[in-house]
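Worksheet for the structure shown next.
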Amino acid sequence: GAGVSQTPSNKVTEKGKYVELRCDPISGHTALYWYRQSLGQGPEFLIYFQGTGAADDSGLPNDRFFAVRPEGSVSTLKIQRTERGDSAVYLCASSLMEGGEQYFGPGTRLTVT
Amino acid sequence: AQSVTQLGSHVSVSEGALVLLRCNYSSSVPPYLFWYVQYPNQGLQLLLKYTTGATLVKGINGFEAEFKKSETSFHLTKPSAHMSDAAEYFCAVSKSNTGKLIFGQGTTLQVKP
Numbered sequence: 124g125a126g127v128s129q130t131p132s133n134k135v136t137e138k139g140k141y142v143e144l145r146c147d148p149i150s151g152h153t154a155l156y157w158y159r160q161s162l163g164q165g166p167e168f169l170i171y172f173q174g175t176g177a178a179d180d181s182g183l184p185n186d187r188f189f190a191v192r193p194e195g196s197v198s199t200l201k202i203q204r205t206e207r208g209d210s211a212v213y214l215c216a217s218s219l220m221e222g223g224e225q226y227f228g229p230g231t232r233l234t235v236t
Numbered sequence: 099a100q101s102v103t104q105l106g107s108h109v110s111v112s113e114g115a116l117v118l119l120r121c122n123y124s125s126s127v128p129p130y131l132f133w134y135v136q137y138p139n140q141g142l143q144l145l146l147k148y149t150t151g152a153t154l155v156k157g158i159n160g161f162e163a164e165f166k167k168s169e170t171s172f173h174l175t176k177p178s179a180h181m182s183d184a185a186e187y188f189c190a191v192s193k194s195n196t197g198k199l200i201f202g203q204g205t206t207l208q209v210k211p
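In order, the protein sequences belong to chains A and B. The first sequence begins at 124 in the numbering used here and counts up one residue at a time. The second sequence begins at 99 in the numbering used here and counts up one residue at a time.
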């Protein structure tokens, strides 16, 4: 079956611009997670959803970052006024239930110039 | 707070030799522990996990790891390295009920012919 998909695979944007990153989880998975992986580092937790609600957004670095999951399936990570330091690979994962095994997507590589 | 330390950012072994990748964690609650592998240009893939029960956990591709509470360790081993094992390996910890993963910085495994 289809795995977790993320679009776009690559995004180049100018400093100060707004970007949206999309995640399509595995069908039926209720939990969805966003992580950020900077070069040479391990993934860093950003936020996770159980259903439509954000259960834990403690990893969002500041108020420029926001994520939604309005229908409990697809999620969008939104970054306002991008900065060069936001350049990273943004990973999405989903699991059948909260605390279950997470399946990761291939990531979106964001480059802010 | 939970954290993970992976000792050695790069490990090099000869094909057929023992693979040992080290991971130590800190957690105020009984942890769930994971090893993930990331092949070049691919998403993270779960190798194995420890939740409860038997402390020696077997995973895919011949890997195994042992949870040692007294040493707060969860080292990954494989008796005989194969060229295809060359990849980035991440140790991670989570609290049992959320699935929010805290990753180590990763260890790059190089396998020499």
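Glycine residues also receive a C-beta, built at the ideal position from the N, C-alpha and C atoms.
- Residue-level contact by beta carbon holds for B:I200 and chain A, with a gap shorter than 8 Å.
- Approximately 7 Å separates the beta-carbon atoms of B:Y123 and B:S101; this is inside 8 Å, confirming the contact.
- Between B:V135 and A:W157, the alpha-carbon positions lie close to 18 Å from each other.
- Using a CB distance cut-off of 8 Å, A:S218 counts as an interface residue toward chain B.
- Two segments are said to touch when three or more pairs of C-beta atoms, one from each, lie closer than 8 Å; by this definition the segment 197 to 204 of chain B touches the segment 160 to 176 of chain A.
- No Cβ of chain B is located within less than 8 Å of the beta carbon of A:Y141.
- The DSSP-derived three-state label of B:S178 is coil.
- Sixteen is the threshold: when 16 or more other Cβ atoms of the shown chains lie within 10 Å of the Cβ of B:L207, as they do, the residue is buried.
- With respect to A:V212, A:K138 sits apart: the two C-beta atoms are not nearer than 8 Å.
- B:S112 has its alpha-carbon roughly 43 Å from the corresponding atom of A:D179.
- Taking each of B:M181, B:A185, B:F161 in turn and checking the Cα distance to B:F132, the smallest one comes out for B:F161.
- Counting along the chain, B:E164 sits inside the beta strand (DSSP E) bounded by residues 162 to 166.
- When DSSP reads this structure, A:G176 sits in a beta bridge with A:Q173.
- With respect to the C-alpha of A:G151, the residue from A:A177, A:E194, A:R159 having the closest C-alpha is A:E194.
- Within the segment 144 to 155 of chain A, contact with chain B at the beta-carbon level (separation under 9 Å) is assigned to A154.
- If one requires a minimum length of 3 residues, the beta strand (DSSP E) runs lying completely within the segment 100 to 176 of chain B are 101 to 105, 108 to 112, 117 to 124, 130 to 136, 142 to 148, 154 to 156, 162 to 166, 171 to 176, in chain order.
- Residue-level contact by beta carbon holds for A:E221 and chain B, with a gap shorter than 8 Å.
- Interface with chain B (8 Å Cβ-Cβ cutoff): A:G174 is excluded.
- Shown here for A:V191: same chain residues with a beta carbon closer than 6 Å to its own, the five before and five after excluded, namely T199 in chain order.
- A straight line joining the alpha-carbon of A:S132 with that of A:T153 spans about 23 Å.
- Just measuring C-alpha positions, the residue of B:N139, B:Q143, B:L118 sitting nearest A:S217 is B:Q143.
- In the same chain as A:V135, and ignoring 5 residues on each side of it, the C-beta atoms closer than 6 Å to its own belong to T234, in chain order.
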